[in-house]
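Visitor:
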Amino acid sequence: MSGYTLKLIAIFTMLIDHMTAVLVPMDHPFYLIGRIIGRLAFPIFCFLIVEGLLHTKNINKYLLRLLIFAFISEIPFDLAFYEPGLNNDHIYHQNIYFTLFIGLLVIAIIHNLDKYFKTKKVNKYNVSQIALSVLVLVTGCLVALLLYTDYSFVGILMIWGFYKFKNNPTMLIVCMILLNSLYGLEQMFAMLSLFLIKRYNGQRGPKINKFIFYGFYPTHLLILYLVKMFL
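So the sequence shown is residues 491 to 721, counted in this note's numbering.
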């Protein structure tokens, strides 16, 4: 399974999740089904962020794209999920692009630290390296928590988990179980995404303009808001 296919699956399951959250009443039988399907999306996006870090030619441009679309998406995000007088807390949430940006920045710094200490030929359990990596990770988690980003600090830890345990499937599973359990039983269905990720063949797949994928997020949220207004 190529990265392109994984990305399509993530987008499709995210769309189902958001359509359910915005348009389907919570007491409707399909509501729970739609939200469970949607649990597959975020872990796949986290995995793809790590793959993006390892294969990008310019990490600064990658980070900048995420940040730009984070700001572009914020108004559509608030419009879709914010309902005056009903769920006012959503107005203080920041969209998932902010989470992905912070997560990518965290693992990019840790990745550079790993490379730096490797060139110095120091022990891989060097105290300075571990301390600096923990500091970067904790700082990223605190920023996500303070900014009230989607998935909060758990999202940052999940991105880090896919980076840290990329070559250790057992520890990755343990990490994902612990993190997903923080959001309750429904979120545990996100574990199913690991079966899809395992089928990744390391290939990029068809070359499609990246801005089509980036732009889908704010566009579909804006459309969902308009549909909600006319229903």
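By construction, the Cβ of each residue, glycine as well, lies at the ideal position given by its N, Cα and C atoms.
All of these numbers come straight from a predicted model, not from anything done at the bench.
If you measure between the beta carbons of L669 and V633, is that distance less than 8 Å?
Guide: Cβ atoms of L669 and V633: not closer than 8 Å.
Visitor: What are the start and end residues of the alpha helix (DSSP H) that includes Q619?
Guide: V617 to L637 is the span of the alpha helix (DSSP H), which, as asked, contains Q619.
Visitor: Whole angstroms is fine: what's the gap from M661's alpha carbon to M509's?
Guide: Each residue's Cα considered, the two are about 33 Å apart.
Visitor: What number of angstroms, rounded off, separates the C-alpha of F652 from the C-alpha of G542?
Guide: Distance between the alpha carbons of F652 and G542: 12 Å.
Visitor: State the start and end residues of the unbroken alpha helix (DSSP H) segment that holds S642.
Guide: Here the alpha helix (DSSP H) through S642 covers S642 to K654.
Visitor: How long is the line joining the alpha carbons of Q584 and L556, rounded to whole angstroms?
Guide: Between Q584 and L556, the C-alpha separation is close to 13 Å.
Visitor: Determine the closest residue to F679 out of S618, D507 and Y572, with distance taken between C-alpha atoms.
Guide: Selected option, being the one with the closest Cα: D507.
Visitor: So if DSSP puts Q584 in a beta bridge, which residue, or which two residues, is it bridged to?
Guide: Q584 is bridged to T639.
Visitor: Closest to L594 by CA distance: which of Y638, L569 and I649 is it?
Guide: For L594, the nearest C-alpha among the options comes from I649.
Visitor: Can you check whether the CB of I597 is closer than 8 Å to the CB of V664?
Guide: Against a cut-off of 8 Å, the Cβ pair of I597 and V664 comes out as no contact.
Visitor: Would the beta-carbon of L686 fall within 8 Å of that of M491?
Guide: The answer is yes: Cβ separation under 8 Å.
Visitor: Can you give the Cα-Cα distance for Q677 and S671, rounded to whole angstroms?
Guide: Computed Cα separation, rounded: 7 Å.
Visitor: According to DSSP, is D507 helix, strand or coil?
Guide: Helix.
Visitor: Are the CB atoms of T589 and D640 nearer to each other than 8 Å?
Guide: Yes, the Cβ-Cβ distance between T589 and D640 is below 8 Å.
Visitor: Assign Y606 to one of two classes, buried (16 or more other C-beta atoms within 10 Å of its C-beta) or exposed (fewer than that).
Guide: Under this definition Y606 is an exposed residue.
Visitor: For the putative contact between I592 and I646, defined by C-beta atoms under 8 Å, what is the C-beta separation to the nearest angstrom?
Guide: That pair is a contact at about 6 Å.
Visitor: Might you give, ordered along the chain, the residues of its own chain that have their beta carbon closer than 8 Å to the beta carbon of L569, omitting 5 neighbours on each side?
Guide: Cβ within range, chain order: L711, L712 and Y715.
Visitor: If you pair each beta-carbon of the region 691-703 with each one of the region 560-569, do three or more pairs fall below 8 Å?
Guide: No contact exists between the region 691-703 and the region 560-569.
Visitor: Verify whether the separation of the beta carbon atoms of V514 and K718 is less than 8 Å.
Guide: The answer is no: Cβ separation not under 8 Å.
Visitor: Could you check what DSSP says for K608 in three-state terms: helix, strand or coil?
Guide: It is helical.
Visitor: Under the assumption that K497 contacts L538 (Cβ atoms under 8 Å), give the Cβ distance between them as a whole number of angstroms.
Guide: About 6 Å; that satisfies the 8 Å criterion.
Visitor: Just verifying my parser: in three-state terms, what is the DSSP assignment at G493?
Guide: It is helical.
Visitor: Do you know whose CA, among N616, I586, Y521 and S623, lies nearest I600's CA?
Guide: Of the listed residues, the one whose Cα sits closest to I600 is S623.
Visitor: Give me the residue from L635, M516 and F502 with the minimum Cα distance to L706.
Guide: For the sequence presented, residue 706 should be read as Phe rather than Leu. If we check each option's Cα against that of F706, F502 comes out closest.
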